[in-house]
């Protein structure tokens, strides 16, 4: 990569870390360190909420998914605006009004200490591991693209993040998130402009060609429990997942607990409700435009350069045969695309339909060869194929004008760092507030707790980096992060719903939580064909039903906010 | 930003409706062939 691109990345890293160091001033207690003394404006918190959710996985994996699978993944987010509106009138006023540091602290006020400790422990368990995955995901890609050792890639992402998160606390995290969202959205828009300018046929024709392969199909109204992304799984399963994530996951709850007021906290969540689906659609559309770009420009058979090199080295005859088939297939696909575009402009409707069908067939032939190449790569390397995650990085490095690759790499780092920083900050909060302060040392000076909080953030940072180095070979980037959370998410949401139902009791909540997790585990292992998006619905419903039944005739302890 | 919640709710619903309508238009305009 050109030195100007590296200079852009270096400037980005220096600005983020320097700003974090600047924000260490004036923080004297843990309310300042973890919650910025509840003083942040709604728009900064809103951008922070969005930046936290938008990880490097989204930037690399989802754009790649757009290139291979089209726009239908956007259905996954259909429940998000609904969830945000529900949270705005339910959990947000309760949590903000209760003046808690963690969402789980509220559960002790409402139920008992063991329910709080168990939910907080589950959060530490799932988020502690997923934080490592969030660092590992972009590290693996950078490692393969630049040929660096994975440890150096983890260090490049992990060390600056740990430094500014440890020193600056939530102030540094939030204001870095604001800058990072600007970098990310700026990079995405720049890529869209370049892609449209470089399209060799009119955009309208290009989209019709992409549409012939089904990539512009957004809505799937079939009610199929084993199909992951449908309209119904997005609306129902997605709503429950987003309710759990934004309502009960400390990494998100802590963002809006730092807002000035309940109104500002609510407004910050609604910012995501406004912009998440359009932003996600834009990210997927970039993938579709990259597919079109590679329809008219020769694309690599395997986008992961290391896999390609290994197949070529270990099975040269297989590689040569695949390359020959691939070369023929993409030449035919390009010719079919040009013919389809010409027919869209000048041909009859019948000729256009025929040309689009020919293009679809040519695209299928390319996919068959790529499938064989991916199988060969899997056989030779012993790794599951994750080629989809290399499509956008390869496109950016090989085809974008000077400087754009630097901006994109800075955006990937920004997306990773914003998610990791929020995770570390919230992991430390739960550790200190829900365990250290609750069970070991109730009284202490502000200076003591501030030191413990910074030390805890640093320990979690080191832990996440170590996990990242070893977890680099975990499965599909997107699904791993989502699947891991879905084991607990729905059940924890169920406990919070119970907390808002009058007359429910601590015993019911605790047993309900265990029952919900058992039910999700049973479905996950017993009926693996049920999509993971439904796990959240199952977990939440079982907890609410069991918890309510076990609370019949109990005391009347009411919500405190 | 102290907009009454009901107004905000209508705004959210309106933006989502417009977004979904645009996605629907994109799909129906360009997915001409049966899949």
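Chains as they are written, first to last, in the numbering used here: chain V, -7 to 553; chain U, 268 to 302.
No residue lacks a Cβ here, since even glycine has one placed at the ideal position from N, Cα and C.
As the structure is a computational prediction, the values presented were derived from the model and not from experiment.
Min CB distance residue i to chain U below 8 Å
i                      : result
residue 68 of chain V  : no
residue 194 of chain V : no
residue 269 of chain V : yes
residue 554 of chain V : As displayed, chain V neither begins before -7 nor continues past 553, which places residue 554 of chain V out of reach and without an answer.
residue 206 of chain V : yes
residue 199 of chain V : yes
residue 349 of chain V : yes
residue 372 of chain V : no
residue 73 of chain V  : yes
residue 510 of chain V : no
residue 203 of chain V : yes
residue 318 of chain V : no
residue 211 of chain V : yes
residue 32 of chain V  : no
residue 262 of chain V : yes
residue 522 of chain V : no
residue 352 of chain V : yes
residue 360 of chain V : no
Assigned secondary structure, residue i (DSSP; H/G/I helix, E/B strand, else coil)
i                      : result
residue 485 of chain V : helix
residue -1 of chain V  : helix
residue 294 of chain V : coil
residue 413 of chain V : helix
residue 249 of chain V : helix
residue 534 of chain V : helix
residue 560 of chain V : The structure shown does not extend to residue 560 of chain V, since chain V is modelled only from -7 to 553, so the question has no answer here.
residue 298 of chain U : coil
residue 286 of chain V : helix
residue 542 of chain V : coil
residue 262 of chain V : helix
residue 104 of chain V : coil
residue 469 of chain V : Annotation note: pLDDT 47 at residue 469 of chain V (below 50); position unreliable, no value reported.
residue 91 of chain V  : coil
Beta carbon proximity, residue i to chain V, threshold 8 Å
i                      : result
residue 277 of chain U : no
residue 292 of chain U : no
residue 274 of chain U : no
Nearest-angstrom Cβ-Cβ length linking residue i and residue j, presumed shorter than 8 Å
i                      : j                      : result
residue 350 of chain V : residue 318 of chain V : No, residue 350 of chain V and residue 318 of chain V are not in contact; Cβ-Cβ is about 19 Å, not under 8 Å.
residue 157 of chain V : residue 532 of chain V : With a Cβ gap of about 31 Å, residue 157 of chain V and residue 532 of chain V do not count as contacting.
residue 162 of chain V : residue 25 of chain V  : 7 Å
residue 211 of chain V : residue 291 of chain U : 7 Å
residue 623 of chain V : residue 232 of chain V : This structure does not reach residue 623 of chain V, given that chain V is present from -7 up to 553, and the question cannot be answered.
residue 186 of chain V : residue 393 of chain V : 7 Å
residue 528 of chain V : residue 236 of chain V : 6 Å
Counting pairs of Cβ atoms below 8 Å between the stretch 135 to 149 of chain V and the stretch 7 to 17 of chain V, do you hit three or more?
-> no
For the 8 Å Cβ check, are there 3 or more pairs between the stretch 514 to 528 of chain V and the stretch 259 to 268 of chain V?
-> no
Decide yes or no for the touch test of the stretch 306 to 326 of chain V against the stretch 239 to 248 of chain V: beta carbon pairs closer than 8 Å, at least 3 of them.
-> no
Just checking, does the stretch 101 to 116 of chain V make contact with the stretch 285 to 293 of chain V on the three C-beta pairs under 8 Å criterion?
-> no
Three or more C-beta pairs below 8 Å linking the stretch 329 to 343 of chain V and the stretch 191 to 203 of chain V | yes
Alpha helix (DSSP H) segments (min. 4 residues) lying fully within the stretch 398 to 463 of chain V | Fully enclosed alpha helix (DSSP H) runs of 4 or longer: 438 to 462.
Looking at C-beta atoms only, is the number of pairs between the stretch 357 to 376 of chain V and the stretch 11 to 22 of chain V that lie closer than 8 Å three or more?
-> By the Cβ rule, the stretch 357 to 376 of chain V does not count as touching the stretch 11 to 22 of chain V, because fewer than three pairs are nearer than 8 Å.
Can at least three beta-carbon pairs, one atom from the stretch 40 to 48 of chain V and one from the stretch 124 to 138 of chain V, be found at a separation below 8 Å?
-> yes
Are the stretch 59 to 73 of chain V and the stretch 298 to 307 of chain V touching, with three or more C-beta to C-beta distances below 8 Å?
-> no
Say whether the stretch 495 to 507 of chain V touches the stretch 528 to 544 of chain V, bearing in mind that this needs 3 or more beta-carbon pairs closer than 8 Å, one atom from each stretch.
-> Taking 8 Å as the limit for Cβ pairs, the verdict is that the stretch 528 to 544 of chain V does touch the stretch 495 to 507 of chain V.
Unbroken stretches of the alpha helix (DSSP H), 4 residues or longer, contained in the stretch 493 to 524 of chain V = 498 to 518
Using 8 Å as the threshold, is the stretch 425 to 437 of chain V in touch with the stretch 92 to 107 of chain V, meaning 3 or more CB pairs across them?
-> yes
Can we say the stretch 400 to 408 of chain V touches the stretch 300 to 314 of chain V, given the rule of at least three CB pairs closer than 8 Å?
-> no
Length-filtered (4 minimum) alpha helix (DSSP H) runs lying within the stretch 154 to 233 of chain V = 195 to 204
State whether the stretch 443 to 453 of chain V contacts the stretch 274 to 282 of chain V, with contact taken as three or more CB pairs (one from each stretch) at a distance under 8 Å.
-> no
Decide if the stretch 76 to 90 of chain V is in contact with the stretch 242 to 258 of chain V; the criterion is three or more beta carbon pairs, one per stretch, under 8 Å apart.
-> Yes, they touch.
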